DNA sequence: CTGAAAGCGCTTACAG
DNA sequence: CTGAAAGCGCTTACAG
């Protein structure tokens, strides 16, 4: 077994031709081989520890059994690596292996990556960003199926998989409203990203559906960190008719909401309820009280994107949805309580 | 260009034999080809958008140009995905592509993974855990080089790359001592991991080197989260001769130290200085004051491990260090101040 | 200075 | 029911 066994070694040991070994081991449909011969072949393969050479097979069949994931960076956001895990698991399930390459956002590296992956004959490529963005559609190797992950292309021509920002925001508002809150504030960042737009739409819709006030005085924007969150929450809390609950654009902004509340002698959740977004467990569960938050479905997005890509790999003409929004999930901790009596 | 160009297409267009194309495009050392012929070949390759088929090349040369990274899970710890990024960058730099597979810690999946990677003819495998552990040495595909990442095998027979826990702890103590602290406490978890042992050793050595007190009364163990950190710090702070500074085993335990201090009316850093470990930016930078912390070198570890593996891939008999400890780095924020006057 | 031949390890029609 | 042949797209001696 030192030099790896080849199919011809198995054939010789079993006393058959290589083509018979191939037919048996691959369970070729319609191949008529006596059961006793099959047994001999399988035993010989076992004995030699035979495993087919994927390069030779791929060369012949024109299917390498590989998928690739190209991303700008991995894990700038703490749990975004789950995108890779989900994609890998789905690829693996389907008998594929996943190659990863990071471009650091550099267009030249990205072109080289596409070229190298083409040489490697990857069956398809997943193109991911580590936070939901709209991007110019990348150019895949000639004829290679492509799916965008956590990104949407400007033209909408490439199938893409993104988090359902809107539903996430609606769930946050629902959580607050179900505890009797009527004046629900929203603290968000200053960028015009799909995340901002989606969450804003979800927030307003959820309020409107319930007949709750949708007022500009309930929304404040600031930079997307705890300092910004503190400032924005301060603005809302200092208004004449302040909210009794605040939905924060991110958990980091929610940290600022906690600070703004503390500075004003407001207790959470007795005086103010808070829901964040992202579910950065390491942060949300260490706050006191623990922060309820809407979790981004990184793993599921990776899985969905890989599954979509695989359908395209099997059949390039397959109909796949242009845009799949993957549901978020709300993680309840202790930052939401009943609305205080007016 | 619809069907991909093959080397024979380039040869035909350039009016030479495929072997000449191969020699030119691969810059084969010692191949005598007229400069004018080289030009013709290169122009033809360009014109056809020719890129060699890595499967065919790998089959012939017995080098697939791929490396693999097997890990239990990715990104349970927020920034551990950087391990992958570092490994990928190093592999890429050397003209290799990185395949990843997650086993979820399942031994059966791991065996299958090794088998599949062997079929894929990977040149070498990186075996990673997402937090420094001692493990039974995994069995790589026959003759394939193996390097452990963030893990050490029981027998010490496999080259491995780990963080320098000891130096990290020494740096934390040095940071505190340089601000005049003499009674420096240590709050750690209850597991007997390489991390616990290394950081404990570093803490004691650094103290001893400086002639500072090394006392059991300055060390408290508890579970590895903020609740544990709070309890352990409470024990230390309530003792007759409490520390003026605390080194926490993790940032999460440091959060508990902050709470214990607040509960006792101690301000950070005026009354108590704190240094954490892990540098979970999302947490450390959101605390008030920002937490100084020892950062784990995930990216550098990934790079180092891949570089080591590549040496083994080039030359299986290469001498590589059995154990490489990668330096940590201290990230200063605002939780360390001068020791209060006694 | 360049080309023809063999072969890497498979699978796929096809013949018998 | 099974085997011989061809070929996937390269690279590597080797011949001239």
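Chains as they are written, first to last, in the UniProt record's numbering: chain S, 1 to 342; chain C, 1 to 342. Quick reminder that beta carbons are idealized off the backbone N, C-alpha and C, glycines included. In this text the structure is predicted, and so the values were computed from the model without any measurement.
Query	Result
Residues, ordered as in the chain, of the segment 84-99 of chain C that lie near chain S by beta-carbon distance below 7 Å	84, 85, 88, 89, 92, 97, 98 and 99
Bridge-paired residues (DSSP) for residue 68/C	99/C and 125/C
Given residue 219/S as reference, the closest of 229/S, 210/S, 149/S and 36/S once Cα atoms are compared	229/S
Neighbour flag for residue 2/S against chain C, beta carbons, 9 Å	Bear in mind that the predicted position of residue 2/S carries a pLDDT of just 46, short of 50, making it unreliable; the figure below should be weighed with that in mind. Chain C contact via Cβ: present.
Residue 163/C - containing beta strand (DSSP E), residue span	160-163
Contact with chain S by residue 223/C, beta-carbon distance below 9 Å	no
CB of residue 301/C within 9 Å of CB of residue 98/C, strictly	no
Reduced DSSP category for residue 320/S - H, G, I as helix; E, B as strand; rest coil	coil
Assigned exposure category for residue 80/C - 16 Cβ within 10 Å defines buried	buried
Beta bridge counterpart(s) of residue 153/S as assigned by DSSP	135/S
Three or more C-beta pairs below 8 Å linking the segment 281-289 of chain C and the segment 305-316 of chain C	no
Per-residue burial, residue 142/S [other beta carbons within 10 Å of its own, 16 or more giving buried]	exposed
Any non-hydrogen atom of the ligand FAD within 8 Å of residue 59/S CB	The model depicted lacks the ligand FAD and carries no ligand whatsoever.
Segment limits, alpha helix (DSSP H) that includes residue 19/S	18-25
is_contact[residue 265/S, chain C] using C-beta, thresh 9 Å	no
Own chain residues within Cβ distance below 7 Å of residue 195/S, not counting five before or after	132 and 165
DSSP-derived helix/strand/coil call for residue 224/S	coil
The segment 316-324 of chain S / the segment 241-255 of chain S touching (three or more Cβ pairs under 8 Å)	no
Beta carbon proximity, residue 259/C to chain S, threshold 9 Å	yes
CB contact flag (residue 331/C, residue 305/C, <9 Å)	no
CA-to-CA distance, residue 86/C to residue 308/C, given in whole angstroms	13 Å
Closer than 9 Å to chain S by CB, residue 44/C	no
Within-9 Å CB hit, residue 288/S to chain C	yes
Listed by chain order, chain C residues near residue 384/S by CB distance under 7 Å	Absent from the structure is residue 384/S, since the part of chain S shown begins at 1 and ends at 342.
Proximity test, Cβ basis, 9 Å: residue 291/C and chain S	no
Contacting residues, own chain, Cβ-Cβ under 7 Å from residue 83/C (five flanking each side not counted)	128, 149, 150, 298, 301 and 302
Per-residue burial, residue 126/S [other beta carbons within 10 Å of its own, 16 or more giving buried]	buried
Segment contact flag, the segment 98-112 of chain S with the segment 87-95 of chain C, C-beta cutoff 8 Å, min 3 pairs	yes
Cβ contact (3+ pairs, closer than 8 Å) linking the segment 39-54 of chain C and the segment 105-122 of chain S	yes
Residue-chain proximity (residue 118/C, chain S), Cβ-Cβ < 9 Å	yes
Close-in-space but distant-in-sequence residues of the same chain around residue 227/C (CB under 8 Å, 5 per side omitted)	256
Cα-Cα separation between residue 181/S and residue 236/S, rounded to whole angstroms	15 Å
Residue of 336/S, 63/S and 71/S minimising C-alpha distance to residue 293/S	336/S
Residue of 241/S, 33/S, 160/S and 231/S minimising C-alpha distance to residue 146/S	160/S
Three-state class that DSSP yields for residue 4/S in the structure shown	coil
C-beta neighbour in chain S for residue 22/C, strict 9 Å	no
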